[in-house]
Amino acid sequence: MSDNKLQKRGPTSIKEKGQYFLAFGVVASMLLVAGFPVFVIFFFGIFAYFLVRMFAAGSRNETKEIFEFYLSANEILRDDERKWFGFEIKDAILRGETVLQRMSGAPPLVYFTLGALYNKAGDHQAAVNCLSYVVEDETSDESTYAYPSPELRNYVRVLRRFERDPSDAPLTSTAVRALERARKLRGKTLLDDSRLKAALAGAKEVKREKLNGKVKHTRTENHYQDSSHRSMTTDDWQNVNGNSIRSVTDVSASTDRREKKDSRKDDPFRDHKPISEVLHEIYDKNI
Numbered sequence: 123m124s125d126n127k128l129q130k131r132g133p134t135s136i137k138e139k140g141q142y143f144l145a146f147g148v149v150a151s152m153l154l155v156a157g158f159p160v161f162v163i164f165f166f167g168i169f170a171y172f173l174v175r176m177f178a179a180g181s182r183n184e185t186k187e188i189f190e191f192y193l194s195a196n197e198i199l200r201d202d203e204r205k206w207f208g209f210e211i212k213d214a215i216l217r218g219e220t221v222l223q224r225m226s227g228a229p230p231l232v233y234f235t236l237g238a239l240y241n242k243a244g245d246h247q248a249a250v251n252c253l254s255y256v257v258e259d260e261t262s263d264e265s266t267y268a269y270p271s272p273e274l275r276n277y278v279r280v281l282r283r284f285e286r287d288p289s290d291a292p293l294t295s296t297a298v299r300a301l302e303r304a305r306k307l308r309g310k311t312l313l314d315d316s317r318l319k320a321a322l323a324g325a326k327e328v329k330r331e332k333l334n335g336k337v338k339h340t341r342t343e344n345h346y347q348d349s350s351h352r353s354m355t356t357d358d359w360q361n362v363n364g365n366s367i368r369s370v371t372d373v374s375a376s377t378d379r380r381e382k383k384d385s386r387k388d389d390p391f392r393d394h395k396p397i398s399e400v401l402h403e404i405y406d407k408n409i
């Protein structure tokens, strides 16, 4: 088995290394002819080697993240009796979104898998956005990817290797085949289901907003009615109290005047002369 793998991978690996050595030899020869010292050329050669290795490692890491996303998503999406926590589904969705953000020209299977996860999580509008691209957009077909990015090229190379020899990564190969089968058989069904549920959710939201608006309007009217009622009641009470006070005051004043008048009538000394006048009259009579 290992001999077969070496025979399959050997030509591609030798070809790539040969291209690197040829390019390095041409550049080194030009620098040597230009008069650069040998140690400077050697230093630049080492620097270029590590630079190429760094970019190649980054591309391999992105490819690894894609297949890990396939593995985790396939476990969640396959029909079994396991119950998944919400945060587990969200973690898988976050991994797929990260792949889309980092990779230029992501594979269509990534979009389908992400849309299926959104459907399972209940975010149907996001599911429609992903699934509609895969199911209805003709540019999502693999045949339209004529100018791949380095990340996509490396992804396809690893994918073909898994397809040729599934035993090299059996779990990953099984996950990819299951997702491709689901994309072919259930893509349109998932899209229609997500669209229907998204429309129902939108209708419920509109109905809820209208109901909240009516309740708020009714509360405002009741508040104004209560305020006007309280104001009228206060004014009436003030009028009643004012009239009562004025009535009591008038009655008290009339009563006082009547009592004073009666007291003047009942006073026996009201019309008597002063004592000095009486004495003066008696004195005048005696004289």
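Note that the numbering used here has the sequence shown beginning at 123, numbered continuously upward. Ideal placement from N, C-alpha and C gives every residue a C-beta, glycine not left out. What you are looking at is a predicted structure, and each value in this text was computed from that prediction instead of being measured.
Among the options, which residue has its Cα nearest to the Cα of residue i?
i    : options                : result
V256 : K332, K306, A156, L153 : K306
P270 : M225, F284, L236, D287 : M225
F189 : A248, R308, L231, E264 : L231
A300 : F158, T235, G157       : T235
E302 : P229, V280, E331, R330 : P229
S295 : Y192, E184, A170       : Y192
Once you ignore the five residues that flank residue i on each side, which residues in its own chain have a CB closer than 7 angstroms to its CB?
i    : result
I211 : I198, L239, K242, A243
S316 : N241, H246, A249, V250, L253
What's the C-alpha gap between residue i and residue j?
i    : j    : result
V298 : V148 : 42 angstroms
L318 : G227 : 29 angstroms
Y233 : A268 : 18 angstroms
L313 : S262 : 15 angstroms
I163 : F284 : 40 angstroms
A156 : Q223 : 43 angstroms
R159 : I168 : In the sequence under discussion, the amino acid at residue 159 is Pro, which differs from the Arg named in the question. Roughly 15 angstroms separates the two Cα atoms.
G309 : N196 : 15 angstroms
R204 : A150 : 60 angstroms
L153 : P272 : 28 angstroms
E260 : F161 : 54 angstroms
W206 : E264 : 32 angstroms
How far does the alpha helix (DSSP H) with residue i in it reach, from first residue to last?
i    : result
R224 : 208 to 224
A237 : The sequence given here has Gly at residue 237, not Ala. 230 to 243 is the span of the alpha helix (DSSP H), which, as asked, contains G237.
E258 : 246 to 258
Where does residue i fall in DSSP's three states?
i    : result
K205 : coil
G227 : coil
Y269 : coil
A320 : helix
R200 : coil
W359 : At W359, the pLDDT of 45 sits below 50, so the modelled position is not reliable and the matter cannot be decided from this model.
F191 : helix
E285 : helix
A291 : coil
F158 : coil
D263 : coil
Quick one: is residue i near chain B, going by C-beta distance under 7 angstroms?
i    : result
L318 : The question asks about chain B, but that chain is absent: this structure has only one protein chain.
For residue i, which residues from the same chain have a beta carbon less than 8 angstroms from its beta carbon, with the 5 sequence-adjacent residues on both sides left out?
i    : result
L293 : L193
F391 : For F391, the predicted structure reports a pLDDT of 43, less than 50, and the residue's modelled location is therefore unreliable. The matter cannot be settled from this model.
Who are the near neighbours of residue i in its chain, counting only those whose CB is closer than 6 angstroms to its CB and skipping five residues on each side?
i    : result
L216 : none
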